[in-house]
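**Q** In the UniProt record's numbering, the protein residues as written are 1 to 528.
Okay, here's the structure, questions in a sec.
What follows is the structure, encoded as structure tokens:
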């Protein structure tokens, strides 16, 4: 009996048969086979569609790296694109990206850029990062810095974000073109979007700082106040005010100790916070979402209350602490655990009370018990308790308070649920690293896990020093490798000033994690 599946396969129409065989060539990276199929399809007047052309264009663009195929790939790639246009087959983003890669391989960055700029004419196709890459990288390789900047500007205009490879290319072309101002700009763009750099990016950075041009830039007589304000405004770890000092840079590869001291220059790295503008934006987004989901009058009342009570250095998620590890038969709300956390924060902060945020229904239960009532009354007397109203979600309240007051937040809630997904903040994780305090109870003994003493991110100190962390595994060493970049005159250019954000809690260090407690913005002056 004849197999019906086999019959259907043999009776494929020419277009489907061409697509199947073309896909097979693509998987096998068989450019010559694909070209033969294409020539036969043209000869036989096979009706070609976008999928056919895209498969051929993709194969051509991927074959230009092979010198034995490059000429053929370029010839047939451009021929196919012209044929596509002649037939009225509308390209999409994949088509444009493939042809842009062909243009870049030919050294025609201008055409690659024109293609991406004109992509909107094709049924509103939208460019992606990969669509811009051919033009951007080609201009950078040609050391045409101005054209490369133009590509970046166009990307920004359509909301396409650069990643490490693109920023490293722009940094490199800026360095080799002697554009010190742009090098400074791209170092900060790397700092803001890439926590730890790759080995290749580290090499670009080292090349710049070891070059003659780098030693010529900078100011010795620098505005100390402006640097100080920049550090505080930006959340610590960078000032953004330009090159500090003059003279040759010293570039070393080193490590950083557990407490954040550079093992090469001794500089104290900091735990970097989000900046003032990001903080206000974050607080505003939390408040806006809370207003949509809570009784507006209730949350507005809390905001007004917080304006008048803004000196807290730590917020405690009362329910999270009280219910920790209470999922057993006789488990319930452990007020003793909550009291331990409150007392620990109180003692560490120089006798300053934290703010406990807890739902009203939880308070009613605690007040019914004489022993717990005494503690609750003490908290209320000292302004250490805010209870959220019936029907509210207390998560909104403790999060808003911690963001708005720029203080610590004691909770083991990783804030991954739907509420925090709604915020969609790209700096949420950075904020958590700087402000969230985790805790545990080991045999009834409280252990606080404070924020790390320093952030794994590019840091620019007040002295003009730079510290750059490399991604894990890039250096082939067990400990993380850092670039330490200093110059002797940098220390004299700016007096040591605030190198982070601090509170009374700042001097307290967790004996296990060697990390400091820190919260609100204050100046930290060196010991006299």
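We put the CB at the ideal spot given by N, CA and C, even for glycine.
(1) Of all the alpha helix (DSSP H) runs that stay within the bounds of the region 193-248, which reach a length of 4 or more residues?
(2) Do residue 282 and residue 397 count as a contact pair if the criterion is CB distance below 8 angstroms?
(3) Please report the residue range of the beta strand (DSSP E) in which residue 468 lies.
(4) Would you mind reading off the limits of the alpha helix (DSSP H) that contains residue 140?
(5) Quick check on the burial criterion: 16 or more other C-beta atoms within 10 angstroms. Buried or exposed for residue 297?
(6) Closest by CA to residue 98, which one among 132, 450, 222 and 455?
(7) Taking only the alpha-carbon atoms, compute the straight-line gap between residue 166 and residue 136 and give it to the nearest angstrom.
(8) What span of residues does the alpha helix (DSSP H) with residue 60 cover, start to end?
(9) State the DSSP-derived secondary structure class of residue 484, mapped to helix, strand or coil.
(10) Report the three-state DSSP secondary structure of residue 262 (helix, strand or coil).
(11) Which partner residues of residue 388 appear in the DSSP bridge assignment?
(12) Contact between the region 385-403 and the region 256-263 is defined here as three or more beta-carbon pairs at a separation below 8 angstroms; is this criterion met?
(13) Using 8 angstroms as the threshold, is the C-beta distance between residue 467 and residue 263 below it?
(14) I believe residue 324 touches residue 412 by the beta-carbon criterion, under 8 angstroms. Please report the beta-carbon distance rounded to the nearest angstrom.
(15) Check whether the region 434-441 touches the region 169-183, taking contact to mean three or more Cβ pairs, one atom from each stretch, closer than 8 angstroms.
(16) Could you check if residue 20 is buried or exposed, using at least 16 other CB atoms within 10 Å of its CB as the buried criterion?
(17) Going by DSSP in three states, residue 253 sits in which element: helix, strand or coil?
(18) Could you name the residues that DSSP lists as bridge partners for residue 440?
(19) Between the Cα of residue 332 and the Cα atoms of 115, 447, 320 and 71, which residue gives the shortest distance?
(20) Does DSSP classify residue 543 as helix, strand or coil?
(21) Alpha carbons only, please: which of 46, 39 and 94 is nearest the one belonging to residue 79?
(22) Pull up the distance between the alpha-carbon of residue 366 and that of residue 317, whole angstroms please.
(23) With DSSP as the reference, label residue 376 as helix, strand or coil.
(24) Taking contact to mean 3 or more Cβ pairs, one atom from each stretch, closer than 8 angstroms, check whether the region 147-165 and the region 107-121 are in contact.
(25) Going by Cα to Cα distance, which pick from 464, 134 and 241 is closest to residue 112?
(26) Does the distance from the C-beta atom of residue 43 to that of residue 25 stay below 8 angstroms?
(27) For residue 75, count the other beta carbons within 10 Å of its own beta carbon; 16 or more makes it buried, fewer makes it exposed. Which is it?
(28) Looking only at its chain, what residues have a beta carbon closer than 6 angstroms to the beta carbon of residue 363, apart from the 5 residues adjacent to it on each side?
(29) Less than 8 angstroms separating the beta-carbons of residue 338 and residue 356?
(30) If you reduce the DSSP assignment to three classes, tell me which class residue 67 lands in.
(31) Quick one: give me the first and last residue of the beta strand (DSSP E) that residue 335 is part of.
(32) Output the distance between the C-alpha atoms of residue 138 and residue 103, rounded to the nearest integer angstrom.
(33) I need the boundaries of the alpha helix (DSSP H) containing residue 319, first residue and last residue.
(34) For residue 533, tell me which candidate among 88, 126 and 144 has the shortest Cα-Cα distance.
(35) So residue 73 packs on residue 64, CB below 8 angstroms; how close in whole Å?
(36) Could you pull the start and end residues of the alpha helix (DSSP H) that residue 306 belongs to?
**A** To lay it out plainly:
(1) Qualifying alpha helix (DSSP H) stretches, in chain order: 199-209, 212-216 and 224-234.
(2) In this structure, residue 282 does not lie closer than 8 angstroms to residue 397 by Cβ.
(3) Residue 468: member of the beta strand (DSSP E) spanning 466-469, first to last residue.
(4) 129-141 is the extent of the alpha helix (DSSP H) around residue 140.
(5) Exposed: under 16 other Cβ atoms inside 10 Å.
(6) That would be 132, whose Cα lies nearest to the Cα of residue 98.
(7) Distance between the alpha carbons of residue 166 and residue 136: 8 angstroms.
(8) Per DSSP, the continuous alpha helix (DSSP H) segment holding residue 60 begins and ends at 50-63.
(9) If DSSP states are grouped into helix, strand and coil, residue 484 belongs with the strands.
(10) Three-state result, residue 262: strand.
(11) Beta-bridge pairing links residue 388 to 359.
(12) Result no; under three Cβ-Cβ pairs closer than 8 angstroms.
(13) Not closer than 8 angstroms, so no.
(14) With a Cβ gap of about 7 angstroms, residue 324 and residue 412 count as contacting.
(15) Touching, no.
(16) With fewer than 16 Cβ atoms within 10 Å of its Cβ, residue 20 is classed as exposed.
(17) Of the three classes helix, strand and coil, the one that applies to residue 253 here is strand, per DSSP.
(18) For residue 440, which the question treats as bridged, DSSP gives the partners 447.
(19) Answer by Cα proximity: 320.
(20) Since the first residue of the chain shown is 1 and the last is 528, residue 543 is not available in this structure.
(21) Of the candidates 46, 39 and 94, the residue whose Cα lies closest to the Cα of residue 79 is 39.
(22) Rounded to the nearest whole angstrom, the C-alpha separation of residue 366 and residue 317 is 16 angstroms.
(23) For residue 376, the secondary structure class from DSSP, reduced to helix, strand or coil, is helix.
(24) The region 147-165 is in contact with the region 107-121.
(25) With distances taken between Cα atoms, residue 112 lies closest to 134.
(26) The answer is no: Cβ separation not under 8 angstroms.
(27) Flag for residue 75 reads exposed.
(28) Here residue 363 has 387 as same chain residues with Cβ atoms under 6 angstroms from its own Cβ, once five neighbours each way along the sequence are excluded.
(29) Closer than 8 angstroms, so yes.
(30) Under the three-state reduction of DSSP, residue 67 is assigned to helix.
(31) Bounds of any beta strand (DSSP E) do not take in residue 335; it lies within the alpha helix (DSSP H) bounded by 335-348.
(32) The straight-line gap from Cα to Cα measures roughly 9 angstroms.
(33) Residue 319 -> alpha helix (DSSP H) spans 318-322.
(34) Here the chain covers residues 1 to 528 and nothing more, so residue 533 does not appear.
(35) Cβ atoms of residue 73 and residue 64 come within 8 angstroms of each other, at about 5 angstroms.
(36) Residue 306 -> alpha helix (DSSP H) spans 296-308.
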